[in-house]
Structures are given as structure tokens and as C-alpha cells.
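Novice: Got a structure for you, questions after.
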Amino acid sequence: MKKIYGNTGGLKATQLRRIENLHHHRIPPEAVISEQLAEEICQLTHEIRRQIGLLIERSGKLVTVIIGDHQKIEIPDTSDYKAPPGRLKGLRCVHTHIKGERLTKDDLTDLSLLHLDLMAAITVAPDGAPDILHAAHILPQPEKTGDQHRLMDPVSFASPASNTIGALLDIDCIALIKAIEDELSQYQKMRRVDAGKERAILVSVTSQPKRQALASLEELKELARSSNIQVIDTILQSRKKVNPRFAMGTGKLQELTVHAMQQGASLIIFDQELNPSQIKEITDLIEFRVIDRTQLILDIFAQRARSRDGKIQVELAQLKYMLPRLATKNTAMSRLTGGIGGRGPGETKLEINRRRVRDKIGRLEKSLDNVKKQRNQQKARRTKNKLPVISIIGYTNAGKSTLLNTMTNSDVLAESRLFATLDPSSRRLKFPRDTDVIITDTVGFIKDLPRELKTAFRATLEELESADILLHIIDVSNPAYESQMESVESITDEMDLKDIPMIRVLNKTDKLDKTAVDELVRQTGGIAISATRSETLHPLIDKMETMVQAVHNNNDIAVDRAPADWQSGGAWLNN
Ligand SMILES: Nc1nc2c(ncn2[C@@H]2O[C@H](COP(=O)(O)OP(=O)(O)OP(=O)(O)O)[C@@H](O)[C@H]2O)c(=O)[nH]1
Ligand SMILES: [Mg+2]
2 MKKIYGNTGG
12 LKATQLRRIE
22 NLHHHRIPPE
32 AVISEQLAEE
42 ICQLTHEIRR
52 QIGLLIERSG
62 KLVTVIIGDH
72 QKIEIPDTSD
82 YKAPPGRLKG
92 LRCVHTHIKG
102 ERLTKDDLTD
112 LSLLHLDLMA
122 AITVAPDGAP
132 DILHAAHILP
142 QPEKTGDQHR
152 LMDPVSFASP
162 ASNTIGALLD
172 IDCIALIKAI
182 EDELSQYQKM
192 RRVDAGKERA
202 ILVSVTSQPK
212 RQALASLEEL
222 KELARSSNIQ
232 VIDTILQSRK
242 KVNPRFAMGT
252 GKLQELTVHA
262 MQQGASLIIF
272 DQELNPSQIK
282 EITDLIEFRV
292 IDRTQLILDI
302 FAQRARSRDG
312 KIQVELAQLK
322 YMLPRLATKN
332 TAMSRLTGGI
342 GGRGPGETKL
352 EINRRRVRDK
362 IGRLEKSLDN
372 VKKQRNQQKA
382 RRTKNKLPVI
392 SIIGYTNAGK
402 STLLNTMTNS
412 DVLAESRLFA
422 TLDPSSRRLK
432 FPRDTDVIIT
442 DTVGFIKDLP
452 RELKTAFRAT
462 LEELESADIL
472 LHIIDVSNPA
482 YESQMESVES
492 ITDEMDLKDI
502 PMIRVLNKTD
512 KLDKTAVDEL
522 VRQTGGIAIS
532 ATRSETLHPL
542 IDKMETMVQA
552 VHNNNDIAVD
562 RAPADWQSGG
572 AWLNN
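Counting from 1, position 339 in the sequence shown corresponds to residue 340 in this note's numbering; the numbering is continuous, with no gaps.
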């Protein structure tokens with residue numbers, strides 16, 4: 002950080018030298034400020050009619066002198082000093098006030114936003130001597146009153162009994178800061194903050210109806226869980242109109258940052274996609290890593306991608322998402338692009354300039370083209386062999402992989418997290434009446450699937466276009482099943498899959514009672530199953546086989562041997 006910062010224009014050489022010399026003062030760590038230093042900055046303030054501020058480390062080292070105007074100072078970028086999650090920054094600010102005013106709203110805002118150890122203002126007496134010291138700190142625990150700061154009792158410099166400001170204040174500055182941090186960590190322990198994990202506060206700022214917004218937050222929670230992030234709290238802020246600059250109002254944002262610190266959060270996740278300028282404005286303003294829903298999904302994809310194609314597709318999507326967000330200011334950029342827990346493209350890679358990112362995007366797109374060519378060749382081979390293809394589609398976590406496993410006795414990864422499957426897998430299946438088909442399982446859908454991912458996964462999704470039948474798996478035990486079903490079907494419509502016959506499959510019916518299931522079957526025209534129980538699959542298998550044969554009669558698909566490179570799945574055993 003620069004040693005002197007701010008409004009130095011028009012000052013005399015002697016005044017500037019005195020300002021420089023402030024750096025020679027020693028401040029005892031237990032004092033807020035030394036008495037001589039307080040006298041000197043008040044004298045200077047009195048002469049130049051501008052506020053003077055000092056940023057002081059815990060050790061007592063003076064880092065920066067700030068020159069303001071007659072009513073405020075502007076704190077420079079302090080991102081060299083990072084407040085670790087749930088702690089204070091290790092810097093305090095002491096500054097002068099010319100007109101005898103107490104700490105202002107702006108002072109308290111800076112205290113919150115920067116997580117300063119302490120904010121103090123010294124009023125300057127008419128003769129230029131220090132008069133009253135006002136100080137405040139962040140409250141380590143939320144108060145019923147909603148206050149986020151504690152204003153300490155003002156202390157007069159005129160008290161003849163004292164000779165050091167530490168004693169004058171009757172506080173030991175370093176002990177006070179330590180006490181605040183101890184209380185912070187105790188509070189976090191009480192809240193069972195898990196030290197090894199990313200800890201996030203989820204925020205939704207929306208003009209949507211509340212029910213919808215809550216369902217979306219619920220899904221965001223699941224996404225966070227799938228990404229191994231501990232969710233500490235969720236906040237829903239309904240607004241008539243989302244603030245174009247910061248998504249929420251700055252006052253709310255300030256409250257959020259103190260709240261997040263008290264809770265020991267390391268990350269704030271917005272449920273809405275933040276545009277590049279919003280994310281920059283927000284991260285410039287608050288001391289937190291901030292990501293949005295899209296970035297979280299990208300992060301999960303980055304963790305889950307196994308195959309070479311998958312990895313290329315995800316990296317491409319991440320780079321495309323990042324490109325417009327590569328802010329010129331390093332701080333915002335590194336906070337944004339650290340990835341979650343350092344996954345993602347990584348800081349160093351992203352600190353290279355836009356041009357190199359663009360080059361990389363170009364290279365990745367080329368390798369994807371090659372992948373696509375190979376796929377087309379495979380497809381051509383498959384068409385030659387004329388084996389009907391049934392593709393399982395559906396919302397993420399609906400049970401697609403489980404169904405594939407149960408039907409074909411295989412062992413594709415299926416688990417209770419979102420986007421367990423990224424890479425498509427195919428298995429061969431023999432129906433009871435001896436029909437052979439290929440069943441494929443692929444990446445799940447989600448509402449508001451990030452545009453970047455849609456583009457990147459185009460090749461994978463285009464595979465669906467060659468399916469003869471689509472099995473749309475719906476997890477009817479999920480309260481949001483209806484909107485999930487709509488999301489999937491609107492994506493399939495968008496993708497030109499409308500003309501492929503589709504079977505709606507109502508899954509996880511073991512979790513519901515029979516009347517509810519009957520009603521769902523009636524409403525959706527689907528077939529009820531439980532993918533974990535093979536005995537429930539007969540009606541579905543029947544329907545599939547009948548449909549395959551119908552398609553076969555129409556399209557002249559011979560029921561033939563599968564090509565040698567298909568992994569053999571089990572036959573459907575009619576037991
Ligand atoms: N109770 C119950 N759970 C099921 C059923 N089918 C699947 N599950 C569970 O639902 C979770 C998700 O299943 P997956 O098969 O991984 O779902 P998916 O659709 O492949 O999900 P992604 O690959 O993540 O998009 C797993 O924990 C399954 O055990 C079912 O019929 N009943
Ligand atoms: Mg799956």
C-alpha cells in the first residue's frame with residue numbers, strides 16, 4: 002500500500018514533510034494511538050483543514066496516511082490485508098474530525114465492509130489540540146436490536162490524570178481486539194462451523210413470488226452440498242426491482258457482510274446470475290469471495306468431469322463465463338476467479354490477459370470439433386448396425402443412472418448429489434421378446450442451465466437427437482417435480498427433440514402412497530416406477546419394447562447385433 006494516499010494537492014512542502022514524518026512514530030500495540038501522534042495529526046488537520054486518517058496494523062505499525070477533505074477520508078484499496086473467514090482484518094483506522102462530529106455513517110460502513118479491527122475518530126479542538134476520541138468495533142455476535150457495531154464511550158484527551166492514550170481510553174487495544182475475535186470464534190463453534198470446508202451464505206435477491214424463490218434456494222442448497230460446501234445460512238431478499246448495480250441495496254450488502262463474518266462464512270453465493278459489472282461492483286465493495294449459481298454449477302461440473310471431452314467442455318464453459326468477468330482490478334478478479342477452493346481454472350491461469358484466454362478458448366473449441374467428428378463416425382457405425390437407441394433424460398438427481406443400472410445390471414455411478422453423471426454411458430439391453438437396444442444415460446438437466454454449459458455440452462446433448470425413444474425420468478417425490486418436468490421438456494423442445502417419442506417415467510414412487518401415485522399417473526400420463534426396485538419396472542419395459550417395435554416397423558430398424566465396442570449390459574431378465 003502507498004505510504005501516503007489521497008488529497009495532497011496544494012499542500013506546502015513543509016506540511017508534506019510533516020505528513021511523511023508521521024511514519025516515524027512508534028505506536029505501542031496496546032494503545033489505539035500514541036498521544037504524540039494524536040497531537041501531530043490534529044495540529045496538521047487544523048492547519049490544512051483536511052481530515053487525516055491512519056491505517057495501523059495490530060503490531061502498532063503505521064501502514065498508510067490518508068489525506069481527506071474537510072468532512073471525509075477515502076480508504077484506499079486494502080486487499081493486501083485479507084480478513085480470514087470469521088476474523089477481523091488486522092488493520093484499524095484512526096482519523097481526525099474537524100467539526101467535532103462523532104463517528105459518521107460512512108465511518109461505520111467502512112468498519113463493516115472492510116472488517117476493520119476498530120474505527121476511531123478524534124475531534125480537533127479550536128486550538129488544534131486533540132479533544133475527544135470516539136471509537137467503535139463490530140459486534141462479534143448478532144444483537145437483538147439489530148445493531149452491528151458497538152460504539153464505545155467517548156473519551157476526553159483533556160483528562161489531566163493520564164499520560165498515554167491506552168490508559169486514557171482505559172482499554173488495552175490489542176486485548177480488546179483479541180476479545181472480539183475470541184467471541185467470534187466461540188460463536189462460530191456454537192454454530193458448528195466446520196473448519197476444513199468452504200462455508201457459504203446463500204443469498205437470493207429476487208422479485209419472484211416467495212414460494213418460487215424458496216424452492217430455488219432449496220435447490221441452490223443441494224448444489225452447494227454437491228460441491229462439498231457447508232451452508233451456514235440462507236437469506237431471501239424480496240425486492241420490487243433487483244438493484245442493477247449491486248443486486249441488493251448497499252445498506253443490505255453491508256449488513257450481509259457483517260453477518261457473514263459473524264457466522265464465519267468464507268463465501269457468499271447468489272442464487273441469481275450476476276452480470277460481470279455486478280460481480281465487480283460487489284467484490285469491490287465487500288471483503289468476501291462472491292460467486293453466483295452459474296459459477297457453482299460450473300464448479301460442480303469441473304469436479305465431476307472424468308472423460309477428456311467432459312473436461313474440455315467444462316473448462317471451455319468456465320473460460321467463457323470468466324472472460325467478460327476478468328476485471329482490470331486485480332483484487333476483484335482474484336477474489337472472483339480463485340474458483341471455489343482453488344478448483345476451476347485457477348488464479349494464475351486467469352490472471353493471464355484476455356487475449357490468452359481467448360486463444361485458449363479457440364484451441365479448446367478445435368479439440369471439441371475433433372471430438373464431434375469422432376462421435377459422428379461412431380454414430381455412422383451405429384446407424385449401420387441399426388440398433389435402436391433409448392436415451393434416458395431428466396432433471397438432475399431424478400434417478401437416471403439408477404434406472405440404467407437396474408435395467409442393465411450395471412454399475413454406473415449413481416448417488417444422491419446433483420450432477421453425479423456428466424459423461425454419457427451406454428449399455429446394451431435385451432428385452433424379454435428378444436429385442437436388442439442401446440440405452441444411454443447422460444448429464445442431467447437443471448433450471449436455468451448456464452448458457453455457457455449449454456453451448457459447451459452441445460455435442461453431448463446433440464447425441465440425444467439420434468435417439469429413437471426418450472425416457473423422461475421425473476422424481477415425483479420432489480415437491481418441485483412439476484417445474485422440473487417443465488424445465489426438462491422446455492429444453493427438449495428448444496433442442497429439436499419434439500419429434501422423438503417420449504415416455505414420461507414417474508420415479509421414486511416408493512416414497513409416496515398409492516393414491517398419490519395413481520393421481521400422478523392420471524395427471525401426467527406417465528408410467529410409475531421405482532428405479533431401485535427391478536420388480537416395479539415391468540410395465541415400463543413392456544411399453545419400451547412395444548414402442549421400439551413400433552419405431553422399428555416405421556423406420557426399418559433391424560434388430561441386430563450390437564457393434565463390438567459397446568460395453569455389454571445385462572439382458573433384461575424377466576424374473
Ligand atoms: N427412494 C428412491 N430413491 C431413488 C430411486 N431412484 C433413484 N434414487 C436415488 O436418487 C439418487 C439419485 O440417483 P441417480 O441415479 O444418481 O440420479 P441421476 O438422475 O443419474 O442424477 P445425476 O446424474 O446427478 O443427474 C440416488 O441416491 C438414488 O439412490 C427410487 O426409485 N427410490
Ligand atoms: Mg446420473
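Just so it is clear, CB atoms sit at the ideal spot from N, CA and C, and this is done for glycine as well. A quick note: this is a predicted structure, and the numbers were derived from the prediction, not measured.
Between Arg326 and Val243, what straight-line distance do the alpha-carbon atoms span, to the nearest angstrom?
Specialist: For this step, residue 326 is matched to residue 325 along the sequence shown. For this step, residue 243 is matched to residue 242 along the sequence shown. When rounded, the distance between both Cα atoms is 20 Å.
Novice: Would you call the CB atoms of Glu274 and Lys83 closer than 9 Å?
Specialist: Looking up residue 274 in the sequence shown gives position 273. Looking up residue 83 in the sequence shown gives position 82. The answer is no: Cβ separation not under 9 Å.
Novice: Once the 5 residues before and after Thr537 are set aside, which same chain residues still bring their CB inside 6 Å of it?
Specialist: The sequence position of residue 537 within the sequence shown is 536, counting from 1. Counting only Cβ-Cβ distances below 6 Å, and skipping sequence neighbours, we find Ile530 and Ser531.
Novice: Cβ atoms of Ile34 and Leu56: under 9 Å apart, would you say?
Specialist: As a working note, residue 56 is residue 55 in the sequence shown. As a working note, residue 34 is residue 33 in the sequence shown. No. Outside cutoff.
Novice: Looking at Ile99: is its Cβ nearer than 9 Å to the Cβ of Asn8?
Specialist: Position 98 of the sequence shown, counted from the first residue, corresponds to residue 99. Position 7 of the sequence shown, counted from the first residue, corresponds to residue 8. No, these two residues do not count as a Cβ contact at 9 Å.
Novice: Which residues does DSSP list as the beta-bridge partners of Asp81?
Specialist: Counted from its first residue, the sequence shown places residue 81 at position 80. Answer is none; Asp81 lacks a bridge partner.
Novice: Less than 9 Å separating the beta-carbons of Ile175 and Val156?
Specialist: Numbered from its first residue, the sequence shown carries residue 175 at position 174. Numbered from its first residue, the sequence shown carries residue 156 at position 155. Against a cut-off of 9 Å, the Cβ pair of Val156 and Ile175 comes out as no contact.
Novice: I'd like the list of long-range same chain contacts for Ala261, defined as Cβ closer than 7 Å, with 5 residues on each side in sequence excluded.
Specialist: Counting from one through the sequence shown, the residue named residue 261 turns up at place 260. Excluding positions up to five away in sequence, the list reads Ile202, Ile269 and Phe289.
Novice: Is it the case that the CB of Asp442 approaches a heavy atom of ligand 2 more closely than 8 Å?
Specialist: Position 441 of the sequence shown holds residue 442. Indeed, a heavy atom of ligand 2 lies less than 8 Å from the Cβ.
Novice: So, are the CB atoms of Thr97 and Thr46 less than 9 Å apart?
Specialist: Working through the sequence shown from its first residue, we reach residue 97 at position 96. Working through the sequence shown from its first residue, we reach residue 46 at position 45. Result yes, Cβ atoms of Thr97 and Thr46 sit closer than 9 Å.
Novice: Indicate whether Lys4 and His24 have their beta-carbon atoms separated by less than 9 Å.
Specialist: The residue given as residue 4 occupies position 3 in the sequence shown. The residue given as residue 24 occupies position 23 in the sequence shown. Going by C-beta atoms, Lys4 is nearer than 9 Å to His24.
Novice: Around ligand 1, what residues have a beta-carbon under 6 Å from a heavy atom of it, in chain order?
Specialist: Listed along the chain, these residues meet the criterion: Gly395, Thr397, Asn398, Ala399, Gly400, Lys401, Ser402, Thr403, Ala415, Glu416, Ser417, Leu419, Phe420, Ala421, Thr422, Gly445, Asn508, Lys509, Asp511, Lys512, Ser531, Ala532 and Thr533.
Novice: Less than 8 Å separating the Cβ of Val413 from some heavy atom of ligand 2?
Specialist: As a first step, residue 413 is located in the sequence shown; it is residue number 412 there, counting from the start. Yes.
Novice: Taking the beta strand (DSSP E) that His96 belongs to, which residues open and close that run?
Specialist: Here the question's residue 96 lines up with position 95 in the sequence shown. His96 -> beta strand (DSSP E) spans Leu92 to His98.
Novice: Between the Cα of Arg294 and the Cα atoms of Ala122, His26 and Val204, which residue gives the shortest distance?
Specialist: Your numbering for residue 294 matches position 293 in the sequence shown. Comparing Cα positions, the closest option is Val204.
Novice: How would you write the range of the beta strand (DSSP E) that Glu58 sits in, first residue to last?
Specialist: Along the sequence shown, read from residue 1 onward, the residue named residue 58 stands at position 57. First-last of the beta strand (DSSP E) with Glu58: Ile53 to Glu58.
Novice: According to the Cβ coordinates, are Ile298 and Pro425 closer than 9 Å?
Specialist: Working through the sequence shown from its first residue, we reach residue 298 at position 297. Working through the sequence shown from its first residue, we reach residue 425 at position 424. No.
Novice: Ends of the beta strand (DSSP E) at Thr422?
Specialist: Position 421 of the sequence shown, counted from the first residue, corresponds to residue 422. Neither: Thr422 is in no beta strand (DSSP E) and is coded neither H nor E.
Novice: Assign Thr516 to buried or exposed, taking buried as 16 or more other Cβ atoms, counted over all protein chains shown, within 10 Å of its Cβ.
Specialist: Looking up residue 516 in the sequence shown gives position 515. Classification of Thr516: exposed, given that the 10 Å Cβ count is below 16.
Novice: Once the 5 residues before and after Val518 are set aside, which same chain residues still bring their CB inside 6 Å of it?
Specialist: Counted from its first residue, the sequence shown places residue 518 at position 517. Taken in chain order, the residues that qualify are Thr510 and Ala529.
Novice: Identify whether Asp300 lies in helix, strand or coil by the three-state DSSP scheme.
Specialist: Start at 1 with the first residue of the sequence shown, and residue 300 comes out as number 299. Here Asp300 sits in helix by DSSP.
Novice: Please state whether the Cβ-Cβ distance between Ala318 and Glu220 is less than 9 Å.
Specialist: Position 317 of the sequence shown, counted from the start, is the residue given in the question as residue 318. Position 219 of the sequence shown, counted from the start, is the residue given in the question as residue 220. No, these two residues do not count as a Cβ contact at 9 Å.
Novice: What are the start and end residues of the alpha helix (DSSP H) that includes His71?
Specialist: Working through the sequence shown from its first residue, we reach residue 71 at position 70. Element bounds for His71: n/a, residue is neither H nor E.
Novice: From this set, Ser491, Leu115, Glu282 and Ile233, which residue's C-alpha is nearest Gly250's C-alpha?
Specialist: As a working note, residue 250 is residue 249 in the sequence shown. Comparing Cα positions, the closest option is Glu282.
Novice: Less than 9 Å between the beta carbons of Asp1 and Glu31, yes or no?
Specialist: Missing from the structure shown is residue 1; the chain here goes from 2 to 576 and no further.
Novice: DSSP three-state call for Ser392: helix, strand or coil?
Specialist: As a working note, residue 392 is residue 391 in the sequence shown. Ser392 falls in the strand class under three-state DSSP.
Novice: Residues in the same chain with beta-carbon distance under 7 Å from Leu12, minus the five sequence neighbours each way, listed in chain order, please.
Specialist: By 1-based counting over the sequence shown, the position of residue 12 is 11. Counting only Cβ-Cβ distances below 7 Å, and skipping sequence neighbours, we find Ile49.
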